[in-house]
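Residue numbers (this note's numbering): 10 to 88.
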């Protein structure tokens, strides 16, 4: 009698659905982590500028572009 080896069968629709859902969740978590890191960088940049650090040094140490740091300066420092 011949037995089917489950490892050699293609995934079922339910398994495919579960795999796609898991991949989507992981992508969402990764995007969330990246966004959180960027938001933290922006917060640190604003705090450094409040303490008088020039834009070019903030950009260098916080790893944000000068354009983004200047935008943050316009948005949060001219109040």
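Built from N, CA and C at the ideal position, the CB exists for glycine as well. Source: prediction; values computed, not measured.
Measure how close the beta-carbons of residue i and residue j come, nearest whole angstrom, since I'm counting them as under 8 Å.
| i | j | result |
| --- | --- | --- |
| residue 85 | residue 64 | So it is not a contact: roughly 13 Å between Cβ atoms. |
Answer yes or no: do residue i and residue j have a C-beta to C-beta separation smaller than 8 Å?
| i | j | result |
| --- | --- | --- |
| residue 82 | residue 58 | yes |
Below 6 Å CB to CB, which residues in the same chain sit around residue i once its five sequence neighbours on both sides are set aside?
| i | result |
| --- | --- |
| residue 68 | 75, 78 |
Considering only residues of the same chain and omitting the five flanking positions on each side of residue i, which have a CB-CB separation below 8 Å?
| i | result |
| --- | --- |
| residue 87 | none |
| residue 20 | 28 |
Does the pairing of the stretch 51-62 with the stretch 71-85 give three or more beta-carbon distances under 8 Å?
-> When C-beta atoms of the stretch 51-62 are compared with those of the stretch 71-85, three or more pairs fall below 8 Å, so the two segments count as touching.
Which parts of the stretch 27-80 are runs of the alpha helix (DSSP H), unbroken and 4 residues or longer, counting only runs that do not cross its ends?
-> Correct list: 64-71.
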